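Down below is the structure, laid out as structure tokens.
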Amino acid sequence: MTYSLDLREAALSYIKNGGSKVEASRLFGFSRSTLYRWLDMEDLTPKIHGSRDRKIDKEALKKHVKDHPDMFLHERAEIFGVAVSGMHYALKRLGIVKKRARV
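Heads up: the sequence shown at position 46 corresponds to 46 in the UniProt record's numbering, and the numbers run straight through without jumps.
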């Protein structure tokens, strides 16, 4: 969870004005270790994190599912060269689920 710059500055100013670190962490709702890390930082601005690179190309997977809708998960994972669980999560991220008929 990323805390806002205002919250970080408020917590540090609370400490500079005589408040204890334990009270600041309870009052503002974060751990003491987070507060100690902020005290050691020169720049308090939150870091921007990008998205992870994925092994499976989304567009290629969508096209493959469209072309081969009845393929098993383990077969599709073998074609893309990933684990079955990785294929499961990739399909889940795309909102593609296999519906089963109830008997």
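Positions of the beta carbon are idealized from the N, C-alpha and C atoms, including for glycine. Just so we're clear, the structure is a prediction, and the values are computed from it rather than from any experiment.
Inclusion of Leu94 and Leu61 in the CB contact set at 8 Å is warranted, their separation being smaller than that value. Secondary structure note for Met87: its alpha helix (DSSP H) is the uninterrupted segment 84-94. At the C-beta level, Ala10 and Leu35 stay beyond 8 Å of one another. Closest in C-alpha terms to Met41, from the list Lys92, Arg26, Arg8, His68, comes Arg8. Close CB contacts of Ala83 within its chain, under the 8 Å cut and outside five residues either way in sequence, are with Ala77 (chain order).
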